[in-house]
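This report refers to the structure that appears directly beneath it.
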Amino acid sequence: MTSGMQRESILLVDDDLDIRKFARIFLEIAGYAVITAADGEQALRLYEEHSSNILLIVTDVLMPNINGFELADRVLGIDSQMPILFMSGDPSSGYRGLEHLVKPLRPAELVEGVRRVLNGHAHSKGAATGS
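Take the sequence shown: its letters are residues 13 to 143, numbered as in the numbering used here.
Structure, rendered in structure tokens:
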């Protein structure tokens, strides 16, 4: 969980315990604080509790109850600027033009994807450039 230190916090959502554990380890090694959720319902509760500290949501697409797309809809309804990175075994599972990584992932792919989304989000909050 979070301590008094302020680090970039990521909400990591996956119903597969092994993926959650390994992804958390790799993201923490890369310097991120990681909050984990086993499904979309738990992720929504954690998002509501920690929304001011969460800079990115990394979520699986296929999960029971609330899937990754539904989670994204709900979170984006609260904060339309929240960056979301999807993980899926289906390379065609695009959603609203948001970035997704194809499972299985190498640790470097996950960390690079997170950094790319965070850098892109920070850049888009800066001075407006032509698009």
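Where a beta carbon is used, it is the ideal one built from N, C-alpha and C, also for glycine.
Worksheet item: Can you list the beta strand (DSSP E) stretches of 3 or more residues lying completely in the stretch 27-97, in chain order?
Response: 45-49 and 66-72
Fill in: Option nearest Gly-43 by Cα separation, candidates Ala-49, Leu-83, Leu-74 and Val-126
Val-126
Practice prompt. Determine the contact status of Gly-52 and Ile-90, defining contact as a CB-CB distance below 8 Å.
Written response: no
Practice prompt. Please name the residue or residues paired with His-112 in a DSSP beta bridge.
Written response: Phe-98
Discussion item. I need the boundaries of the beta strand (DSSP E) containing Ser-21, first residue and last residue.
Written reply: 21-25
Worksheet entry | Whether Val-46 touches Ile-22 by CB criterion (8 Å) | yes
Fill in: Residue nearest to Val-87 in terms of C-alpha spacing, selected from Phe-34, Met-99 and Leu-67
Leu-67 is the residue among Phe-34, Met-99 and Leu-67 whose C-alpha sits nearest the C-alpha of Val-87.
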